[in-house]
Structures are given as structure tokens and as C-alpha cells.
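*Asks:*
In this note's numbering, the protein residues as written are 92 to 504.
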């Protein structure tokens, strides 16, 4: 399968994507002082308790469909057939996720002191999010990154506006801010649907008769193991901590995570491009270049953040959050190792081996679950931070071994 030269992105477009994807974390940093002053550590913890379960739910609701859409669209299969199968899979998954969220909402209602009905209403956004994620997958498969960049940047600007307005009118409870977070994403996602997708045609189009719904279903289900495991590995600590620590401690941890996840924007852009380009048959040199730029950017940004954290966090978030500094140092290590692990998993998925790509994240997620069970009676934010790093290390070791084994098998064949 040939690769259109215009899709071999130059560094300037990668930098554009970095800036676009950096917009949300930047808004997080800019609005953190407003949230800290409006809500305080306890209210910040309540906000995290409401929003973090959604990140886990989104992964389950999508069940690997966005990545499957990217893979099959990039390879030239019929988008109409892809859409039909994907909608069916998403509908089944969302039904299951809705039931789980219904029961878990009672726990979060108590932890955040928010009426259960309001939480359920807000969590209903997971349905919209699943279809938005599929649409992103299609654009990614077409390698039209400008559309994705525009959506990301718009979401950040809308979120900034909403938070500033809420702060300006004197809101001091968590729920309205949670609504603002979700509303910003939904409004910005309109960009994905307003721009016509039909005019973007791939040169190599595979006949409809060669598409099998079972292939997409199998790919999506196997990829979902990786997607869910990655989400659990990266977010389970935050989603579970409300049941183990106080809202004040959760507030410190939430701020630390906000800072430590800034380099993830580079990881996201790198893996987005790797999956689309590798699935479409981009040359090895292009993939190596994308990986080197991405991991180098993650490492550099992590080192800069670690150096600036002791004075930047108290300055930006307020003196009350100085306890987050040491947590940031620990979590930044996990961020870099996680980027390397994710790279291995994405390259395996792009080779049509999503099952192997799921092994690393699955090991990391199981490590996190086991550790939380073992330390359930003595759990603290410090233990949670170290668990996150160890889980990422084990995930990387497993993913790298799987990628190396698959590469050797491919050479022998």
C-alpha cells in the first residue's frame, strides 16, 4: 500500500499539534489558581472525584473502536461499513457502562457531597463521548491532523472561558465547574462533525467485499484491552483514591497529577501519528523519527517540570499546595516510562497485533489493582504515586519484550 507524501508530516506540523494538544494542560495550569481559590483543597478533591471516573468510563464505552476505526480507515477500507459496525459495538458497550456508572454514582455522591441525580446527569456525557471518539478515529485514519488539532485547541479555549466566568460570578462548589469541563469538550467536538469528511479520499481503497465486520470487532475488542488497561493504569489511582484518602489529600494528588501529566500531550501526539502512519505503511525511517522526537520531547519537558516544581507549584497553585511538589517528582518518572510503554503498544497495534499490544498495559493495570488491594488499609497518596511508577515500569518491560518478539518473528517470516 502506497503512502501519500502529503501525509508524511514534517516537524513543523508536529509542533503545531504539540501546541494544540498543550492547550488543555496549559488551561489546567492557568485555571488551577482560580479553582484552588474558589474550591480550596477539599473542593478540588470533590471536583476530581466527580470527573475522574469518567476517564475510566470513556475507555470502557469506546472498547477500542476509535483505534480500530483509525486502523481500518488508514488501510483503505469502506468508511460506511466501518461506521455501521462501530455504532453497533459502541451501543452495546455504552449499555453496560451505564449500568456500572449508575451503581458507582452512589459512592461518588457521598464522597463529593453532590446529589446523585446530578452526577448521573453529568455522567450521561459518556454516551456523547463514545461517538465523538469514533469520529476522531476516522479523522486520524485519514491523517487529517488539522481537524483534530482544531478540536483540541477549541476545547481548551471554551473550558478557559467557562471557568473564568464561574470564578468571576463567585461560584464556590465543585459541580458547576464539573459541568463546565464536560460542556467544553462537547461544544468543541462539533468541529469533528461540521467539516465534511467525504472529500477526504485515500488513494488505496479496498473493495467493500473485502471488509469483514468480524475483523473490526476482533481488532476493537483486543485493542480495548490495551485502551482500558492504559486508562486503568494511568487513572485508577485517581478514581479509587476518594475511597481511601481525605478530600484534602486528594486535592494535593490532583494538583501533582495535573503537573506531571503535562508531558503526556507529547505522548498523545506521537502515538496518534504513529498509529495512523504505521497502519498506512509509512517507512521505518519516518516512524523512528516520530518516536525519537516524541520521547525526546517527553523527557525534556519532564526534566524541566521537575526543576521548576519547587517554586512553580506554590506560585501557581498557592502556598497551600506545597505538599504536591514531591509527589510531582515521583509521578514525572512514571510519565516518561509510560510514554515508552505506550509507544510499544501502539506499534504492535499498527502491525495488526492489538492483542500483543494489550499485554504491557494489562500487566500495569493488574499491578495497580493488586497494590491497591494489598495496601487498602494503609493507602496514602504517597503509596499511590509509587504504585503508579512501578506499574508503568512493569508495563514497559512487558510491552518492549512483546514488540521485540514480534519484530524477530516478522524478520524470520
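We treat Cβ as the ideally placed atom computed from N, Cα and C, and that holds for glycine.
Have a look at 280, 230, 423 and 329 and flag the residue whose alpha-carbon is nearest the alpha-carbon of residue 142.
*Replies:* Numbered from its first residue, the chain shown carries residue 142 at position 51. Nearest of 280, 230, 423 and 329 to residue 142, Cα basis: 329.
*Asks:* Run through DSSP, which three-state label would residue 469 get?
*Replies:* As a position in the chain shown, residue 469 is number 378, starting the count at 1. Three-state DSSP puts residue 469 in coil, outside helix and strand.
*Asks:* DSSP on residue 206, reduced to helix/strand/coil?
*Replies:* Working through the chain shown from its first residue, we reach residue 206 at position 115. Residue 206 falls in the coil class under three-state DSSP.
*Asks:* Could you compute how far the alpha carbon of residue 484 sits from the alpha carbon of residue 188?
*Replies:* Taking the chain shown and counting its residues from 1, one reaches residue 484 at position 393. Taking the chain shown and counting its residues from 1, one reaches residue 188 at position 97. Approximately 29 Å between the Cα atoms of the pair.
*Asks:* Taking the alpha helix (DSSP H) that residue 273 falls in, what are its first and last residues?
*Replies:* For the purposes of this step, residue 273 is identified with residue 182 of the chain shown, where counting begins at 1. 265 to 279 is the extent of the alpha helix (DSSP H) around residue 273.
*Asks:* Relative to the alpha-carbon of residue 325, which residue among 495, 477 and 137 has its alpha-carbon at the smallest distance?
*Replies:* The residue you call residue 325 lines up with position 234 of the chain shown. Considering only alpha carbons, the answer is 477.
*Asks:* How about residue 138 and residue 265: are their beta carbons less than 7 Å apart?
*Replies:* Residue 138 sits at position 47 when you count from the first residue of the chain shown. Residue 265 sits at position 174 when you count from the first residue of the chain shown. The answer is yes: Cβ separation under 7 Å.
*Asks:* For the alpha helix (DSSP H) holding residue 303, just list the boundary residues, first then last.
*Replies:* Taking the chain shown and counting its residues from 1, the one referred to as residue 303 is at position 212. It is not in any alpha helix (DSSP H) - residue 303 carries neither H nor E in the DSSP assignment.
*Asks:* Tell me whether the beta-carbon of residue 400 lies closer than 7 Å to the beta-carbon of residue 416.
*Replies:* Looking up residue 400 in the chain shown gives position 309. Looking up residue 416 in the chain shown gives position 325. Yes; because the gap between Cβ atoms is below 7 Å, this pair is in contact.
*Asks:* Going by CA-CA distance only, name the one from 396, 348, 194 and 361 that's closest to residue 433.
*Replies:* Along the chain shown, read from residue 1 onward, the residue named residue 433 stands at position 342. Cα-wise, what sits closest to residue 433 is 361.
*Asks:* How is residue 337 classed by DSSP in three states: helix, strand or coil?
*Replies:* Translated into the one-based positions of the chain shown, residue 337 becomes position 246. The answer is coil: DSSP assigns residue 337 none of H, G, I, E or B.
*Asks:* So, for residue 119: in the same chain, excluding its five sequence neighbours on each side, which residues have a beta-carbon less than 6 Å away from its beta-carbon?
*Replies:* As a working note, residue 119 is residue 28 in the chain shown. Contacts found: 349.
*Asks:* Contact defined as beta carbons within less than 8 Å: I believe residue 404 pairs with residue 346. What is the distance between those atoms, to the nearest angstrom?
*Replies:* Taking the chain shown and counting its residues from 1, the one referred to as residue 404 is at position 313. Taking the chain shown and counting its residues from 1, the one referred to as residue 346 is at position 255. That belief holds up - the Cβ atoms of residue 404 and residue 346 are roughly 7 Å apart, short of 8 Å.
*Asks:* So which of 126, 185 and 191 has the shortest CA-CA distance to residue 224?
*Replies:* In the chain shown, residue 224 corresponds to position 133, counting from 1. Residue 185 is the option with its Cα nearest to residue 224.
*Asks:* Could you compute how far the alpha carbon of residue 97 sits from the alpha carbon of residue 169?
*Replies:* Reading the chain shown from its first residue, position 6 is the one you call residue 97. Reading the chain shown from its first residue, position 78 is the one you call residue 169. For residue 97, the predicted structure reports a pLDDT of 46, less than 50, and the residue's modelled location is therefore unreliable. A value from the coordinates is still provided. Computed Cα separation, rounded: 21 Å.
*Asks:* Return the CA-CA distance between residue 179 and residue 260, expressed in angstroms with no decimal places.
*Replies:* Taking the chain shown and counting its residues from 1, one reaches residue 179 at position 88. Taking the chain shown and counting its residues from 1, one reaches residue 260 at position 169. Each residue's Cα considered, the two are about 43 Å apart.
*Asks:* Give me the Cα-Cα distance between residue 441 and residue 431, rounded to the nearest whole angstrom.
*Replies:* Your numbering for residue 441 matches position 350 in the chain shown. Your numbering for residue 431 matches position 340 in the chain shown. Each residue's Cα considered, the two are about 16 Å apart.
*Asks:* Whose C-beta lies closer than 8 Å to the C-beta of residue 214 among residues of the same chain, with five residues either side of it excluded?
*Replies:* Within the chain shown, the letter at position 123 stands for residue 214. Counting only Cβ-Cβ distances below 8 Å, and skipping sequence neighbours, we find 144, 145, 148, 192 and 196.
*Asks:* So, with DSSP's three-state summary, where would you put residue 441?
*Replies:* Walking along the chain shown from the start, residue 441 turns up at place 350. Three-state DSSP puts residue 441 in a helix.
*Asks:* Assess contact between the segment 155 to 167 and the segment 366 to 378, defined as three or more Cβ pairs (one per stretch) separated by less than 8 Å. Is contact present?
*Replies:* Segments in contact, yes.
*Asks:* Output the residue ranges of the alpha helix (DSSP H) runs that lie fully inside the segment 136 to 173 and measure 4 residues or longer, sorted by chain position.
*Replies:* Those alpha helix (DSSP H) runs which fall completely within the segment 136 to 173 and span 4+ residues are 156 to 165.
*Asks:* Please look up how many angstroms separate the CB atoms of residue 116 and residue 408, rounded, as I've assumed it's under 8 Å.
*Replies:* Taking the first residue of the chain shown as position 1, residue 116 is located at position 25. Taking the first residue of the chain shown as position 1, residue 408 is located at position 317. Incorrect: roughly 14 Å between the Cβ atoms, too far for contact.
*Asks:* Given this structure, state the Cα-to-Cα distance separating residue 246 from residue 113, to the nearest angstrom.
*Replies:* Residue mapping note: residue 246 aligns to position 155 of the chain shown, counting from 1. Residue mapping note: residue 113 aligns to position 22 of the chain shown, counting from 1. Approximately 11 Å, taken between the alpha carbons.
*Asks:* In angstroms, rounded to a whole number, what distance separates the CA positions of residue 475 and residue 418?
*Replies:* The residue labelled residue 475 in the question sits at position 384 within the chain shown. The residue labelled residue 418 in the question sits at position 327 within the chain shown. Approximately 10 Å, taken between the alpha carbons.
*Asks:* If contact is defined by three or more beta carbon pairs under 8 Å, each pair taking one atom from either stretch, is the segment 451 to 465 in contact with the segment 375 to 382?
*Replies:* As far as the Cβ criterion goes, the segment 375 to 382 does not touch the segment 451 to 465, which means the pair count is below three.
*Asks:* From what residue to what residue does the alpha helix (DSSP H) around residue 245 run?
*Replies:* If you number the chain shown from 1, residue 245 lands on position 154. First-last of the alpha helix (DSSP H) with residue 245: 236 to 259.
*Asks:* Within 10 angstroms of its Cβ, does residue 231 collect 16 or more other Cβ (buried), or is it exposed?
*Replies:* The residue given as residue 231 occupies position 140 in the chain shown. Classification for residue 231: buried.
*Asks:* If distances are taken between C-alpha atoms only, which option among 258, 308, 387 and 244 comes closest to residue 131?
*Replies:* Numbered from its first residue, the chain shown carries residue 131 at position 40. When only C-alpha atoms are compared, the closest one is 258.
*Asks:* So which of 252, 354 and 363 has the shortest CA-CA distance to residue 429?
*Replies:* Numbered from 1 along the chain shown, position 338 holds the residue referred to as residue 429. Looking at the Cα atoms, 354 is the closest of the given residues.
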